[in-house]
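Residue numbers (the numbering used here): 1181 to 1460.
Just below is one structure, and these are the notes that go with it.
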Ligand SMILES: NC(=O)c1ccc[n+]([C@@H]2O[C@H](COP(=O)([O-])OP(=O)(O)OC[C@H]3O[C@@H](n4cnc5c(N)ncnc54)[C@H](O)[C@@H]3O)[C@@H](O)[C@H]2O)c1
């Protein structure tokens, strides 16, 4: 797992929203192993919850419940929300209004840092050609590919507002593809391995460097990446995994140098899906 387990972080209490989801399930054991105490919030705790885990079952739009969940918390990892395309009203309510509730509650509770789960889909229309042979920096302008991607770009922007207004550290993680193995050929560029997900979250939550608003790409050290790792390195994120070990099986019969959206645009096939139609 992570190699950061020796640090004494017993003073830290991290509120993880959306902790029952895919990323939360990857992170729960890894954040614990890193010595962080956790409070876990989701609509429903998972069936495999541990007896000694501190779970809060609540909706992030419930201001009172979220405020109560912030008690004694030192940093927030906000994962909760819709993680693929959905109806406009749902996206607005859960991803935008819900994120505002979390940021405001963090400020009200005097919490110094919020880490937001953003997404490559906030900038999904940028292309490998735009990268121009070098890596796309996270500072590129938003170019969302869906209502979902737009909500992630808006969430980053909301985080920046809360940083500028209230001075809290906000780190937005533009996650690629968090999965056990790279999901298809695109994953050779976009994969964020489970262990690197842990390394990234620990760095974002505990680094002494954030002191501001940052956007960091969430990918492993993939040889075929075209998104920058420099901003992650700046907060101490050192990925160890590389999707290349899966290249032979994933590239069987695949043309890599193509302008097909799935391999050419940051957001892959999201750039072509119908707007506002829920993805199952
Ligand atoms: N998995 C990836 O590869 C990936 C890529 C880019 C970005 N992200 C982002 O990371 C975050 C986590 O992604 P994931 O793959 O774990 O998603 P997921 O859909 O598996 O989990 C999201 C969790 O949020 C919870 N949730 C939804 N609405 C809620 C509400 N109103 N109140 C409380 N909890 C609510 C759900 O119950 C679920 O457990 C999301 O914000 C997603 O946009 C993930």
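The C-beta atom is built at its ideal place from N, Cα and C for all residues, glycine as well.
Exercise. Which residue comes first and which comes last in the alpha helix (DSSP H) that contains residue 1377?
Worked result: Membership of residue 1377 in the alpha helix (DSSP H) is indicated by the continuous run 1374-1386.
Exercise. Should the region 1342-1353 be regarded as contacting the region 1387-1406, the criterion being three or more beta carbon pairs within less than 8 angstroms?
Worked result: With a cut-off of 8 angstroms on Cβ pairs, the region 1342-1353 is in contact with the region 1387-1406, counting three or more such pairs.
Exercise. Are the CB atoms of residue 1220 and residue 1196 nearer to each other than 8 angstroms?
Worked result: Taking 8 angstroms as the Cβ cut-off, residue 1220 and residue 1196 qualify as a contacting pair.
Exercise. Got a sec? Which residues, its chain only, sit under 7 angstroms from residue 1249 by beta carbon, not counting five neighbours each side?
Worked result: Scanning its chain for C-beta atoms nearer than 7 angstroms, with the 5 sequence neighbours on each side dropped, one finds around residue 1249 the residues 1195, 1219, 1221, 1236, 1238, in chain order.
For this session: Could you check how far apart the C-beta atoms of residue 1211 and residue 1396 are, in whole angstroms? I think they sit under 8 angstroms.
Result: That pair is no contact at about 17 angstroms.
For this session: Give the single residue among 1363, 1264, 1316 whose Cα lies nearest to the Cα of residue 1329.
Result: Nearest Cα to residue 1329 within the set 1363, 1264, 1316: 1264.
Exercise. Going by the C-beta, is residue 1278 closer than 7 angstroms to any heavy atom of ligand 1?
Worked result: Yes, ligand 1 has a heavy atom inside 7 angstroms of this Cβ.
Problem set entry | Residue closest to residue 1318, alpha-carbon to alpha-carbon, out of 1346, 1224, 1306 | The option with the nearest alpha carbon to residue 1318 is 1306.
Exercise. Can you give the Cα-Cα distance for residue 1368 and residue 1423, rounded to whole angstroms?
Worked result: Cα to Cα, residue 1368 sits roughly 5 angstroms from residue 1423.
For this session: Starting from residue 1295, trace the beta strand (DSSP E) both ways and give me its first and last residue.
Result: Boundaries of the beta strand (DSSP E) harbouring residue 1295: 1293-1299, taken from the DSSP string.
Exercise. Closer than 7 angstroms: is that where the CB of residue 1381 sits relative to any heavy atom of ligand 1?
Worked result: Incorrect: residue 1381 has no Cβ contact closer than 7 angstroms to ligand 1.
Exercise. For residue 1343, which residues from the same chain have a beta carbon less than 6 angstroms from its beta carbon, with the 5 sequence-adjacent residues on both sides left out?
Worked result: Excluding residues within five positions, the ones whose Cβ falls inside 6 angstroms are 1350, 1393.
Problem set entry | DSSP three-state assignment for residue 1234, whether helix, strand or coil | DSSP places residue 1234 in strand when its eight states are reduced to three.
For this session: Within 10 angstroms of the Cβ of residue 1292, are there 16 or more other Cβ atoms? Answer buried if so, exposed if not.
Result: By the neighbour-count rule (16 or more Cβ atoms within 10 Å), residue 1292 is not buried but exposed.
Exercise. Less than 8 angstroms separating the beta-carbons of residue 1310 and residue 1451?
Worked result: Against a cut-off of 8 angstroms, the Cβ pair of residue 1451 and residue 1310 comes out as no contact.
Exercise. Does the Cβ-Cβ distance between residue 1372 and residue 1398 come in under 8 angstroms?
Worked result: For residue 1372 and residue 1398, yes; Cβs fall inside 8 angstroms.
Problem set entry | Cβ-based burial, residue 1190 [other Cβ within 10 Å; buried from 16] | Answer is exposed; the Cβ neighbour count stays below 16.
Exercise. Around the C-beta of residue 1290, are 16 or more other C-beta atoms found within 10 angstroms, so that it is buried, or is it exposed?
Worked result: Burial state of residue 1290 is exposed, judged by a 10 Å Cβ sphere holding fewer than 16 other Cβ atoms.
For this session: Report yes if the CB atom of residue 1363 is closer than 8 angstroms to the CB atom of residue 1357, and no otherwise.
Result: Yes. Within cutoff.
Problem set entry | Segment limits, alpha helix (DSSP H) that includes residue 1341 | If you look at residue 1341, you'll find it in the alpha helix (DSSP H) that goes 1327-1346.
Exercise. Can we count residue 1442 as close to ligand 1, meaning its CB is less than 7 angstroms from some heavy atom?
Worked result: No, the Cβ of residue 1442 stays beyond 7 angstroms of every heavy atom of ligand 1.
Exercise. At a cut-off of 7 angstroms, is residue 1241 close to ligand 1 when judged by its beta-carbon and the heavy atoms of the ligand?
Worked result: Distances from the CB of residue 1241 to the heavy atoms of ligand 1 include at least one below 7 angstroms.
Problem set entry | heavy atom of ligand 1 below 7 angstroms from residue 1197 C-beta | Yes, the beta carbon of residue 1197 sits closer than 7 angstroms to at least one heavy atom of ligand 1.
For this session: Could you tell me how far apart the beta carbons of residue 1215 and residue 1187 are, in whole angstroms, since I believe they sit closer than 8 angstroms?
Result: A Cβ-Cβ distance of about 6 angstroms is found for the pair residue 1215 and residue 1187, placing them in contact under the 8 angstroms criterion.
Problem set entry | Endpoints, alpha helix (DSSP H) assigned at residue 1370 | First-last of the alpha helix (DSSP H) with residue 1370: 1367-1370.
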